[in-house]
Each structure stands twice: as C-alpha cells, then as structure tokens.
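Participant:
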Amino acid sequence: MKNIENRNDLQLISQVSSSPTEANKAALLLAAQDSAQFEKVASSKYEQLFYIRNQLTLYQEPAFNDQEFEYFKENKKSVIEKLSKDIFKAALNEEKRDVNAALSKYYLLTSVLQGVDEDLQKQAYDRVQAIFNQMLENELEQMVQGKVEVPTVPVLNQGKEKDKNVAGKPTTENEVKNSKGEEKQENKENSKPEESKTNKEDVKQKEIQTNKENAKQEEVQNNKEDKKNEEQKDNKDGKKQDEVKTPGQWAIEQVTAYMNEAKWKEAIVLADQYIDQTKGEEQNTLKDQLKNAVENLLTQSKAEETSAEVALQNYHFILNVKNVVAEQREEAKSLSLPVMLEVKSDQALAEKDYYNAVLYMANSIRNKNKHAHAFEKLQTNTNFLWNQTMEQWNNLKGNSGWQSEVKKSVQPSLELIVYLKDISPAIVDDTRFNEKIKEATKKLEGIQLLNLASYENSKSDEASQLNALYYYGQAYERGIADAGDMSNIFNKLLNKARGFEVSDPARAMNLYRLMYTTPGAQGLGFQDVIRNSIDYLNDFNVASQSFAKYGNSSNVKDIATALAYANTAIENGYANEQSKAKIRQIAEEMVKVGQNKLKGNDLNTAYQYFEFVSRADYKHVPQDVRSQANDGLQAIKNATKK
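Every letter in the sequence shown is one number past the one before it in the UniProt record's numbering, and letter 389, counting from 1, is 389.
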C-alpha cells in the first residue's frame with residue numbers, strides 16, 4: 001500500500017478491505033492526503049504549519065512504522081523550519097495585542113519542532129512560560145494581604161513588680177528621662193550648706209531626725225513582715241513565684257502555642273516579628289519555629305482539599321514574610337503559578353468565558369498542578385467549550401460569509417482543544433481527553449473540507465464536481481455537514497450519470513459507485529436511489545455480456561440468463577431505448593434458435609426456448625416476439641398430436 005496514491009483506490013481499500021489493519025492505514029493515508037491539500041490552499045503560514053502538524057500526527061499512528069514517519073518528517077523539514085521562524089516572529093509581535101493568538105502559535109511550534117529545530121522549540125516554550133510568569137507577577141502585585149491578628153508581646157518590668165497586663169504599654173524614653181531628672185534635683189537641694197540655727201531649731205531638727213529614723217525602722221520591719229507573710233502565703237498555696245520572662249521567651253512560648261493549635265499564620269507573624277529583636281539561642285529557636293510553621297502552611301496549601309483561592313492567598317502571605325528562608329520562598333513562588341491559573345480559570349468559568357477557562361486550567365496542569373480536581377475541572381471546562389463551539393457552528397454554517405465568522409470564533413476554540421496534547425503530556429496521558437482532541441481535529445478538518453468543497457462546487461466540469469462530492473463526504477464524515485449544498489452536488493452527479501447510462505454505461509457505473517460510497521449518501525437519502533441505478537446497470541451489463549458470450553450456445557440456460565438480467569434491469573428502472581433494444585435482441589435470438597430446433601425436430605429443446613420467452617415473469621419482452629414464441633409452442637403441441 002506504500003505506493004498507492006490514487007484517492008479512489010485508497011477510499012475503496014478503506015471501505016471494503018477484509019484486513020482491518022490495511023483498511024485503517026488506507027483511511028489514515030486518505031486523511032494525510034486531505035491535510036496535504038489543506039496545506040496547499042491554506043490562507044496563512046500558521047494554517048499551513050497547522051496542517052503539516054496534523055500530517056505528522058497521522059504518521060505517528062501505529063499503522064505507520066518509524067521509517068515512514070521519519071521519511072515524511074525529513075521531506076517536510078525545510079518547510080517546517082522556514083514557516084516556524086516566521087510564525088515565531090509573528091507571535092512575538094502579537095503578545096501584547098492578542099496574547100491568546102500568540103499562545104496558539106507557540107503551542108503549534110512546540111508541537112512541530114521536536115527533532116527539527118529544538119532551539120526554536122525551547123524559545124517558544126519559554127515564551128509561554130514568560131507570559132504566565134508575568135501574569136503571576138501582576139496578580140501578586142494586585143493582591144491585598146489579609147491582616148493576621150496576633151497579640152502584642154508584653155514589655156515585662158525588671159524591677160520590684162511584674163506588670164500583670166499582658167498588653168501593657170511600655171515605658172517611653174521621655175518618661176525615663178524625666179524620672180531621673182527629678183531625683184537629681186532633689187539630691188542637689190539636700191546638699192545645700194546649712195545656715196546658722198538657734199538651739200531651739202537644733203532641738204527640733206533632732207526630734208525630726210529621730211522620728212524619721214523610727215519611721216524608717218518601722219517601714220523595714222513592716223516590709224520584712226510583709227515579705228514573710230507573702231512567702232508563707234506562697235508556701236501555703238504550693239506555688240512558686242514565676243521568674244520574669246524576656247520578650248523573646250514569651251514570643252517562643254506563644255509561637256509554640258499557636259503551632260500546637262495549627263494556627264500557622266499567627267505563628268509565622270509572631271516568629272517573624274521577634275527574630276530581629278532577639279539574639280543567640282532565642283533567635284535560633286524562633287527561626288526554627290518560623291521554618292516549621294511555613295513548611296506546615298505550604299503542606300496545608302498543597303493539599304487536595306485546599307481551594308486554589310485559599311492556597312494562592314497562603315503563598316502570597318509567605319512571600320511577604322521577611323525572614324522566610326530562600327528555599328521556602330522559591331517553593332511558594334513556584335506553587336503560586338498553577339493555583340493562580342486555576343483561580344483565573346474558575347473566574348472565567350463563572351463568567352462563561354469557556355475559552356479562557358480551558359486555557360488557564362490546561363496551563364495550570366502544565367505547571368505541575370497534579371490534583372485530581374484540576375483534571376476534572378479541565379474536562380468540565382472543555383465540555384462547556386465544545387458545546388458552545390458546536391452551537392456557534394450550527395448558527396453560522398450555511399450563512400453567507402460563514403467562513404470569516406468561523407475563523408473568529410469556532411476555529412480558535414477547536415484549535416485550543418486540539419492543542420491540549422501540546423500544552424501538557426499529562427493531559428494526553430489522561431484518556432478522558434483523547435477522544436475530544438480527536439473530535440476537535442476532525443471538526444477543524446471538516447470546516448476546511450467544506451471550504452474546499454464550496455470552491456470546487458462553483459465549477460461546472462465533472463472532475464471539479466467529483467472533487468466537491470469527495471470533500472463534502474469527508475466533511476460529513478467528520479460531523480461538519482452542509483446538507484443543502486451536499487444534496488445539490490449529489491443531484492448534479494446523478495443527472496450526469498443517467499446521461500451516460502446509454503452512451504457510456506461503464507462511466508455511469510463508475511459515477512454511481514463513487515456516489516454510493518461517499519459518506520453522507522445514506523444519511524441524506526441518496527443511497528437507495530444510487531443502489532437501484534447500480535443494480536440495473538449491473539443487470540444490463542450481465543445481460544449484455546452473457547448474450548455476447550452465449551448468444552450462439554446450444555444450452556438454453558446460458559442465453560436465458562441474459563434475457564432474465566435484461567428484464568430485471570428494465571424492471572429496476574433502466575427503461576431506455578438501449579435496454580429495450582437489448583431485451584428484443586435477446587428474445588428474438590431465442591425465438592430464432594427455437595424455430596431452428598423445431599425445424600430439426602428437436603421438439604424438447606425448441607420447447608425450452610419458446611417457453612422461456614413466453615413466460616409472464618418476463619413482461620418486458622416485446623409483445624410481437626412473445627407472440628412468435630407462443631406460435632412456436634402451439635406448433636410443438638400440434639406436432640405431438642399427430
């Protein structure tokens with residue numbers, strides 16, 4: 001089959017071959033020929049390369065071996081390289097104006113350049129990544145970080161009393177300065193030189209001094225008793241007075257409490273606040289706590305049950321923490337992209353923007369979103385896009401100027417579904433998408449086939465009309481049918497074939513067979529009519545061939561077969577002058593043979609000839625010839641009575 005290039009032969013093999021492998025390969029070769037034809041008539045370099053891509057995909061099917069694939073790719077290599085460079089430049093210029101169109105071009109390039117120009121393939125891949133990375137940067141800049149509430153760490157006095165208020169306000173620097181100034185002023189006044197006193201004043205001063213000393217002693221005694229009472233009270237309650245904690249110690253304890261309650265954000269905020277305010281062991285402990293809390297928040301965010309929106313908020317939160325270690329910061333940044341794309345996909349779906357819902361979700365998977373729900377979302381979004389696209393197609397097909405409208409809406413959506421296999425191998429590995437990708441490929445080809453069919457149908461010559469019929473049939477087989485135009489071309493060719501039935505029955509038969517095997521002939525109600533035409537032409541041909549071969553045979557069955565087929569041909573609708581002349585010729589010959597046998601006194605053989613021609617079953621035998629046969633039968637009866 002390798003050397004078979006005739007389209008009609010391939011079509012016949014694909015439909016009637018007893019070998020499934022051979023039939024499948026013939027069908028694939030037909031499809032490759034179609035794509036090659038699309039490549040030739042493509043309206044842009046992008047379309048041209050797209051149909052080369054489709055041919056490459058077909059040659060990767062199991063029906064073809066590696067040598068056949070490599071042979072095809074090698075023949076196309078220079079064309080692929082030239083087209084790819086031009087398309088890459090166009091995509092670069094298109095990024096700001098129409099990012100989706102640019103992405104489609106990059107997806108196409110990453111698909112066809114494998115083993116052809118891998119440097120350019122990588123550049124195309126990197127441009128896709130750069131587009132989404134920039135999208136992430138813009139998204140993160142616009143995000144507003146939710147406030148995480150944590151308590152203020154109390155400032156604990158190092159003096160006689162411990163501040164009991166957890167949220168106590170620390171003493172300010174000015175208050176400390178004022179306190180020290182008053183004490184200094186008092187000491188200065190007490191040190192002034194004493195003026196001369198009277199004896200009375202001296203006595204009074206001594207009394208005052210004595211009273212002060214007594215009061216001081218009493219105060220000391222009271223303090224001792226208070227302390228003793230306090231200690232006794234503590235001992236009685238079985239408690240020990242807590243030692244005064246530093247802010248760092250308090251923060252460590254509070255972070256630990258948060259982590260025990262899985263309050264990762266609170267733990268992160270508090271640890272991050274006090275890392276820069278502590279040193280040594282306290283600082284190291286807080287750093288370890290921060291790292292552990294961040295790791296737990298990352299793990300929580302990566303979980304299947306965590307929504308993409310919450311995960312994105314968490315990663316954004318981590319990226320804004322000052323003391324996060326570099327590895328965790330990089331991980332948060334890396335994980336942000338797939339969830340950001342998932343969030344944008346969800347938003348697009350809510351707005352019924354199914355194209356972007358598919359685009360973002362597919363690229364989320366491309367960036368290592370491995371969650372089961374990601375693939376489920378992509379499947380849902382793809383089905384929505386598919387249904388929307390088919391509805392658009394049904395509204396557009398058959399309308400004046402449908403081609404340009406389809407290029408704007410239907411075609412890009414179908415191309416995106418086709419490109420799912422190029423966006424991520426993980427999508428191809430999921431069998432749920434393979435059938436939809438194949439269907440989208442067929443629909444795209446079907447639309448292009450309709451374009452070709454319309455062009456060929458505008459011509460009046462038989463070859464162009466046969467091409468139009470073929471293209472309409474292939475479009476019908478791909479689910480893109482235009483019943484009105486296709487019925488029109490069937491009727492044109494039926495009339496043409498009927499015109500050849502007399503002048504060129506073989507040509508008529510060939511046309512009927514091509515129409516009969518065209519996809520859509522049955523669905524549009526033409527197959528029964530064509531089958532009938534094929535049947536009576538077959539019968540007439542058998543009649544003609546049998547008569548030519550056995551017209552002079554002494555075996556009545558040989559020539560009788562020709563008469564039976566000639567009658568059936570007319571019975572089935574082949575009632576033209578040629579068929580009538582043929583049945584007359586055969587019947588007259590049979591009567592003539594019968595008469596000769598009668599003259600030779602071979603009554604038995606003569607009877608067989610006359611009886612066959614006279615049968616009522618063969619009602620299309622001319623009446624005058626039938627009368628001659630009946631006369632022959634009567635002559636035999638008369639002869640047997642003697």
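The C-beta atom is built at its ideal place from N, Cα and C for all residues, glycine as well. For clarity, every value in this text was computed on a predicted model and none was experimentally measured.
Check for me: the alpha helix (DSSP H) holding S614 runs from which residue to which?
Facilitator: First-last of the alpha helix (DSSP H) with S614: L603 to S614.
Participant: Per the contact definition of three or more C-beta pairs closer than 8 Å, is the region 527 to 544 in contact with the region 469 to 483?
Facilitator: no
Participant: Exposed or buried, which one is N638 when buried takes at least 16 other CB atoms within 10 Å?
Facilitator: exposed
Participant: Note down the Cα distance separating R366 from A426, rounded to an integer number of angstroms.
Facilitator: The straight-line gap from Cα to Cα measures roughly 8 Å.
Participant: Check the C-beta distance from F547 over to A569 and give it rounded, since I have them as a contact under 8 Å.
Facilitator: Not quite, the Cβ-Cβ distance comes to about 12 Å (not below 8 Å), so this is no contact.
Participant: Thinking C-alpha only, which one of P62, R531, K279 and R584 is nearest K25?
Facilitator: Minimum Cα distance to K25 is reached at P62.
Participant: Touch check for the region 462 to 471 and the region 489 to 496: three-plus C-beta pairs under 8 Å?
Facilitator: Touching, per the Cβ criterion.
Participant: Between V428, N596, E477 and E81, which has its C-alpha nearest L450's C-alpha?
Facilitator: Checked all of V428, N596, E477 and E81; the closest Cα to L450 is E477.
Participant: At a cut-off of 7 Å, would you count F375 as near the ligand GDP, judging by its Cβ distance to the nearest heavy atom?
Facilitator: The ligand GDP is not part of the structure shown, which contains no ligands of any sort.
Participant: Please confirm whether Q628 and V593 have their CB atoms less than 8 Å apart.
Facilitator: no
Participant: Should V339 be labelled buried (16 or more other beta-carbon atoms within 10 Å of its own) or exposed?
Facilitator: Residue burial is scored here from C-beta neighbours: V339 has at least 16 other C-beta atoms within 10 angstroms and is therefore classed as buried.
Participant: Measuring only the C-alpha atoms, how far is D386 from P412?
Facilitator: Sequence inspection shows Trp at residue 386; the Asp mentioned does not correspond to that position. Cα to Cα, W386 sits roughly 11 Å from P412.
Participant: Quick one: give me the first and last residue of the alpha helix (DSSP H) that K143 is part of.
Facilitator: According to the sequence as given, residue 143 is Met; it is not Lys. That residue, M143, is in no alpha helix (DSSP H); it is neither H nor E in DSSP.
Participant: What do you get for T171, buried or exposed, if any count of 16 or more other CB atoms within 10 angstroms of its CB means buried?
Facilitator: The pLDDT assigned to T171 is 30, lower than 50, so where the model puts this residue is not dependable; a value taken from the coordinates is nonetheless given after this. Label assigned to T171: exposed.
Participant: Going by the CB atoms, is the gap between Y315 and S336 shorter than 8 Å?
Facilitator: Going by C-beta atoms, S336 is nearer than 8 Å to Y315.
Participant: Kindly confirm or deny that the region 244 to 259 and the region 268 to 282 touch, where touching means at least three C-beta pairs closer than 8 Å.
Facilitator: yes
Participant: Quick one: grab the DSSP three-state call for Y574.
Facilitator: Under the three-state reduction of DSSP output, Y574 falls in the coil class, being neither helix nor strand.
Participant: Can you give me the C-alpha to C-alpha distance between N138 and Y274, rounded to a whole angstrom?
Facilitator: 31 Å
Participant: Please report how far the alpha carbon of M135 lies from the alpha carbon of D126, in whole angstroms.
Facilitator: 14 Å
Participant: Going straight from the alpha carbon of residue 692 to that of R513, what length do you get?
Facilitator: The question about residue 692 has no answer here: the residues shown for the chain are numbered 1 through 642.
Participant: Under a three-way DSSP split, which group does Y550 fall into?
Facilitator: Three-state DSSP puts Y550 in a helix.
Participant: Ordered along the chain, which non-local residues of its own chain (more than five positions away) have a Cβ less than 7 Å from that of K160?
Facilitator: Reliability of the predicted coordinates at K160 is poor, the pLDDT of 35 falling under 50, and the value obtained from them is presented with this limitation in mind. Nothing meets the Cβ criterion.
Participant: Pick helix, strand or coil for V502, following the three-state DSSP scheme.
Facilitator: helix
Participant: Give the DSSP-derived three-state secondary structure of K597 in the structure shown.
Facilitator: helix
Participant: Taking the alpha helix (DSSP H) that residue 656 falls in, what are its first and last residues?
Facilitator: Nothing can be reported for residue 656: it is not among the residues displayed for the chain, which extend from 1 to 642.
Participant: For Q145, which residues of its own chain have a beta-carbon under 7 Å away from its beta-carbon, when the five flanking residues on both sides are left out?
Facilitator: H316, F317 and N320
Participant: Mind checking Q545: buried by the 16 CB within 10 Å criterion, or exposed?
Facilitator: Exposed, since its Cβ has fewer than 16 Cβ neighbours within 10 Å.
Participant: Shortest alpha-carbon distance to Y455 belongs to which of Q403, V502 and Y419?
Facilitator: Minimum Cα distance to Y455 is reached at Q403.
Participant: To the nearest whole angstrom, what separates the beta carbons of residue 648 and A90, a pair I think is in contact under 8 Å?
Facilitator: An answer regarding residue 648 cannot be provided, because it is not within the stretch 1 to 642 covered by the chain.
Participant: In this structure, does DSSP put T278 in helix, strand or coil?
Facilitator: coil
Participant: If you run the structure through DSSP and keep just helix, strand and coil, what is T517?
Facilitator: coil
Participant: Between the region 99 to 115 and the region 277 to 290, are three or more C-beta pairs nearer than 8 Å?
Facilitator: These segments do not touch.
Participant: Specify, as a first and last residue, the run of the alpha helix (DSSP H) that K443 falls within.
Facilitator: Per DSSP, the continuous alpha helix (DSSP H) segment holding K443 begins and ends at T431 to N457.
Participant: Judging by CA-CA distance, which residue of L633, V325 and S533 is the nearest neighbour of residue 650?
Facilitator: This structure gives no information on residue 650, because the portion of the chain shown stretches from 1 to 642.
Participant: Considering only the alpha carbon of each residue, which of F64, K73 and L83 lies closest to S44?
Facilitator: L83
Participant: In terms of residues, what are the limits of the alpha helix (DSSP H) holding H373?
Facilitator: A372 to L396
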